[in-house]
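>
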Amino acid sequence: MAVSLKASDQGLQLVDAVRRKRGWAKASVEWREAAQVAPASLKRFWLGRPINKDTFVAICKAVGVDWLQVAELQNESELEDQGQSLQPVKPLSSSLDIDWRQLAQEMLIDRKRLTTNPLTVKDGLIFNIDEIFVPLRLVERQQQARRSGNVFPERGSQLYQPERQYEVARMFQQDEFFEQILQRRQSPISQGRRLAILGEPGAGKTTQLQTIANWVFKNTKQDIAIWIALADLQGKTLEAYLLEDWLKTATRKVRVTEAMQEALSQQFNQGRVWLLLDGVDEMVTNTANPLAEIANQLTGWVAQARVVLTCRLNVWDAGKNALESFDAYRTLNFSYGDVLSTDQVGQFIHHWFNNNPELGNQLRAELDQPGQERLKDMVKNPLRLALLCRTWARRQGKLPHTKVALYQQFAEALYEWKQERFPTTSAQRQELNAALGRLARRAIAQNSSQFRLQHHFISSELSERDEEGSLFHLALQLGWLNQVGVAAENPDEKVYAFFHPTFQEYFAAQAIQDFEEFLKSDNRRLFFEPQGKELIFLWWEREDVPQQQKEDFIDALIKQLHTSPDNDIRWRIARYLGEIDASTETEEIVNALTNLLHNSQDGYTLCQAATSLGRIDPQNSDAINTLIELLSNSNDPWLRQRVAKSLGQIALGNSNAIEALTHLLSPSEDEWTRQQATKSLLGQIGAVNPKKSEELNALLLEAKLQPPKSKEERIALTKLINGILESDRLYGKSKVSPDVYNQALDAVLSEVCKKIRNNDPKQDDVITWVNFLLRKYLTSSTIREERELSSNAKDTLVQFENIKSKHIPGRPEANFQALAKRRDAGESWQEISEDWGIPVSQLNTFYNLCAKHFNPTLKEYLQKYQ
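When the count follows the numbering used here, it moves up by one through the sequence shown with no breaks and lands on 1189 for the last residue.
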């Protein structure tokens, strides 16, 4: 009798997610043709009704899903009694002719799924390792890291990177690890027979084990990789689990015989088996030391296998390590690309958004934006990067409006990710979050080691880690806290860190009950340290903080700004007022800062107040006039540079601001002030770049109405030329070489500048007129002669456009405009150098040459405004 199968509810959810990823409808023609089934069969499949087994398998295979994950299997013993095997398995003859390698490969099918799939399946996203994998680097460990000093959250992932002085023996790219350690067995302790892959939660340990399993089957002829998720042991020994659970599942038998068990043990004794043990930290044991449990069970015939296990660092380093015969290798974070590595973060994003590359490109670009330094560092961890990709995809290319909302989504996802292994109730989560908040706030208020937390400090808030059910124990299980080494000053004292310092700041901000905590004299660190600044912003973003309390906080800051004699406090308040998004208090803040500029004598405070004014209220006349007045009253080059930058941000199109900035191009000014004025004026000129025909036509008319050779005419012409250059309707760009096209375009724009007052009917539409001229020049043999007739005004405009596109040879992304923006955002030369992989000296030389080249041109052009 033919076997019928029907899909389970969970199986239908899996198929539905995969078919949506492919873009198939439930009854699509492509699906029916690929499976070669009738519409009625596909309909019955979706209704969860029984259909012929071959038809069922064909439907699943066509969409790319293993049918065993979809089917609601019947009682197998009944099927076997009828001679109906669900899956062809080699007959178990008296000689037990079992293809162990084939069985083990089939058992690994489920292991190809990404560990984050349970989080993303509801979003219609399911990945296997081959689709999204980015090779990880590993380091061979010598001993535990010794932690001293402190780190900044923007570099917080360093807490989870190996300390080179103590910990790193060798570093491996993945291919090197496979060849030297797996193939050649060149590990120093076990010669490749006992390997441990270590890392923080979400660092890619399981993924690394999956790639090792794939490597075994691809690069050996007879070896067998047997995967065991150690959480599945549930108190059983490895031997019992292999002989009962694994063997029964692999052979798809209700009962296994002693002969079959003996045959499996023979594979171990012959040295053919790789035992891949995932998640030592997730084992259920009767002792407090899972490493000792593993050591006790690697005996007899089981010990004949080559063993690779994964384990979290805090478990591996927790106490006496019974697995001293293992070589330990630690995963490294993803990189952003440097001399030694590729842009692994970019690769992962590209794989995730394979069906929507533009969305992925936007996310990668977002991470490079100023202000995203903490987020950029945080997502070097593969799990956190996956959570970010998930959020970006769900929100169609947008992040939540606030950091608090983003971190809250991450926190909820992490609880969900661990729910199967370490289930928690809502009440437990709330209790733990509150305790972590108190711990985080206390740590940040310390004089040192705000993010490097010693054992005794944590236990004073969360009880001892060894106490079953303690919050310390739960935080370790869930990965909120992780051991990162021992104290350099006391090797007997364990050192821990939050999953990332950003989460420590998030929890600490949740624990702030009232803004008065920031202003108390005994909490000055919360006010003056960079970590305190982040806490203030995260507290401000909380939706549960009443708006009135936020307004009271601004009022309190302004009051201190007026009354405090401490310049450090006034400087800090001026900075906060410029960075907090307090739209309801804009007028009060602008008034406070302008008053400060009129009354303060402290240079640092004046610079900060000028900077903050440039961030608050564009086109605010009081702010603009105060900044311009400041240029008349101060000769401080640093202050004049800050004023130039702020005018470029809030005074676009303001003629008084343009005039003031033009004066700053004088050779008598400080070089950095001239460069900043140049960049601000560049923004003024590029402020309007219309692309629509009606906008260009209006600008042409505006230019015609201005007095000839006047300042107003030149401004209008500049806007018109930029609008033409931004248009996507220009003729001939793809028809000739770039050099020829650019020569023709130069000549055309020069003619436009010269002939705007001609009564030519073709001028009724600017783009039509420009394209007519382009056709003429592109077919003319006198491009050079025509170009020599260009007006000085047009030459200036073309030079302006060219300077924005100048870049370091072979590195188009390292252009003058991008470099200037990053310097404006406060990035150091070293940070830019590390990101782009370009020496600081080369960046500095390129930047100064561009600024020096462009400054005289812009000055000469703008002087004609006067």
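The beta carbon of each residue, even a glycine, is placed where N, CA and C say it ideally should be.
Might you give, ordered along the chain, the residues of its own chain that have their beta carbon closer than 7 Å to the beta carbon of E864, omitting 5 neighbours on each side?
Excluding sequence neighbours, E864 sits near T725, K726 and V727.
> Taking G855 as the reference, which of R629, F838 and P869 has the closest Cα?
The shortest Cα separation from G855 among R629, F838 and P869 belongs to F838.
> Do you know offhand how far V603's Cα is from Q531's?
If you take the alpha carbons of V603 and Q531, they lie about 15 Å apart.
> Roughly how many angstroms lie between the CA atoms of W347 and R355, to the nearest whole one?
C-alpha separation (whole angstroms): 11 Å.
> Check whether the Cβ atoms of E395 and K329 sit closer than 7 Å, and answer yes or no.
It is a contact, given that the beta carbons lie within the stated cut-off.
> What residue from N1167, R517, E502 and D332 has the CA that sits closest to Q627's CA?
Of the listed residues, the one whose Cα sits closest to Q627 is R517.
> Determine the closest residue to L561 out of A519, G623 and T529, with distance taken between C-alpha atoms.
Closest option to L561, Cα to Cα, is G623.
> E754 to L794, Cα distance in whole Å?
Rounded to whole angstroms, E754 to L794 spans 8 Å at the Cα level.
> Does Y1054 come out as helix, strand or coil in the three-state DSSP assignment?
In the structure shown, Y1054 sits in coil (DSSP, three-state: anything other than H, G, I, E or B).
> When DSSP labels each residue in this structure, what does G937 get in the three-state scheme?
Residue state, collapsed to three classes: helix.
> Okay, do the region 559-577 and the region 674-692 touch, 3+ Cβ pairs below 8 Å being the bar?
Cβ pair count under 8 Å is below three, so no.
> Would you kindly check if the distance between the Cβ of S969 and the Cβ of L984 is under 7 Å?
No, the pair does not count as a contact, with Cβ atoms beyond the cut-off.
> Which value, in whole angstroms, describes the spacing of the CA atoms of Q833 and G660?
Their backbone Cα atoms lie some 35 Å apart in a straight line.
> Which stretch, first to last residue, makes up the beta strand (DSSP E) that contains G792?
That residue, G792, is in no beta strand (DSSP E); it is neither H nor E in DSSP.
> In chain order, what residues of the same chain have a beta carbon less than 6 Å from the beta carbon of S1113, not counting five sequence neighbours either side?
Residue placement at S1113 cannot be trusted, given a pLDDT of 38 that sits under 50; what the coordinates show is reported in the next sentence. The answer, listed in chain order, is S1073.
> Could you pull the start and end residues of the beta strand (DSSP E) that V462 belongs to?
L461 to R464 is the extent of the beta strand (DSSP E) around V462.
> Can at least three beta-carbon pairs, one atom from the region 536-550 and one from the region 672-685, be found at a separation below 8 Å?
These segments do not touch.
> Could you give the first and the last residue of the continuous beta strand (DSSP E) run that contains R1225?
Nothing about residue 1225 can be read from this structure; the chain reaches only from 324 to 1189.
> Over the uninterrupted beta strand (DSSP E) stretch that includes W597, give me the two end residues.
Looking at the DSSP string, the run of the beta strand (DSSP E) that includes W597 is V596 to D601.
> Hey, how far is the Cα of Y738 from the Cα of E874?
So the two alpha carbons sit approximately 34 Å from each other.
> When you compare only the Cα positions, how much space is there between S417 and A586?
Summary for S417: the model assigns pLDDT 33, below 50, so the residue's position carries little reliability; its value from the coordinates is reported in the next sentence. Straight-line Cα distance between these residues: approximately 11 Å.
> Under DSSP, the alpha helix (DSSP H) around W323 begins and ends at which residues?
This structure leaves residue 323 out entirely; the chain is present only between 324 and 1189.
> Whole angstroms are fine: how far does the CA of Q731 sit from the CA of K741?
Their backbone Cα atoms lie some 16 Å apart in a straight line.
> Which same chain residues, not among the five before or five after F733, have their C-beta less than 6 Å away from its C-beta?
Hits under 6 Å: L710.
> Would DSSP call R517 helix, strand or coil?
DSSP places R517 in strand when its eight states are reduced to three.
> What is the rounded straight-line gap between the Cα of L759 and the Cα of Y652?
Answer to the nearest angstrom: the Cα atoms are 30 Å apart.
> Under three-state DSSP, which class holds N948?
It is helical.
> Please list the terminal residues of the continuous alpha helix (DSSP H) segment that includes L984.
L984 -> alpha helix (DSSP H) spans S978 to H986.
> Cutting at 7 Å between CB atoms, please list the residues of its own chain near A526, excluding the five before and the five after it.
Around A526: T654, N704 and P705.
> In whole angstroms, what is the alpha-carbon distance linking R965 and E696?
C-alpha separation (whole angstroms): 23 Å.
> Measuring CB to CB, does E816 end up less than 7 Å from Q777?
Yes, the Cβ-Cβ distance between E816 and Q777 is below 7 Å.
> Sort L987, H823 and A946 by Cα distance to R963 and report the nearest one.
Checked all of L987, H823 and A946; the closest Cα to R963 is L987.
> Would you kindly work out how many angstroms separate the C-alpha atoms of F830 and W597, rounded to a whole number?
Going by the C-alpha atoms only, they are around 42 Å apart.
> Taking C-alpha atoms, which residue in A1137, R1080, R1052 and F495 lies nearest to F1095?
That would be R1052, whose Cα lies nearest to the Cα of F1095.
> Could you round the C-beta distance between R898 and S935 to whole angstroms and report it? I think they count as a contact, below 8 Å.
Contact flag correct, Cβ pair sits at about 6 Å.
> Just list the residues that DSSP pairs I374 with in beta bridges.
Answer is L328.
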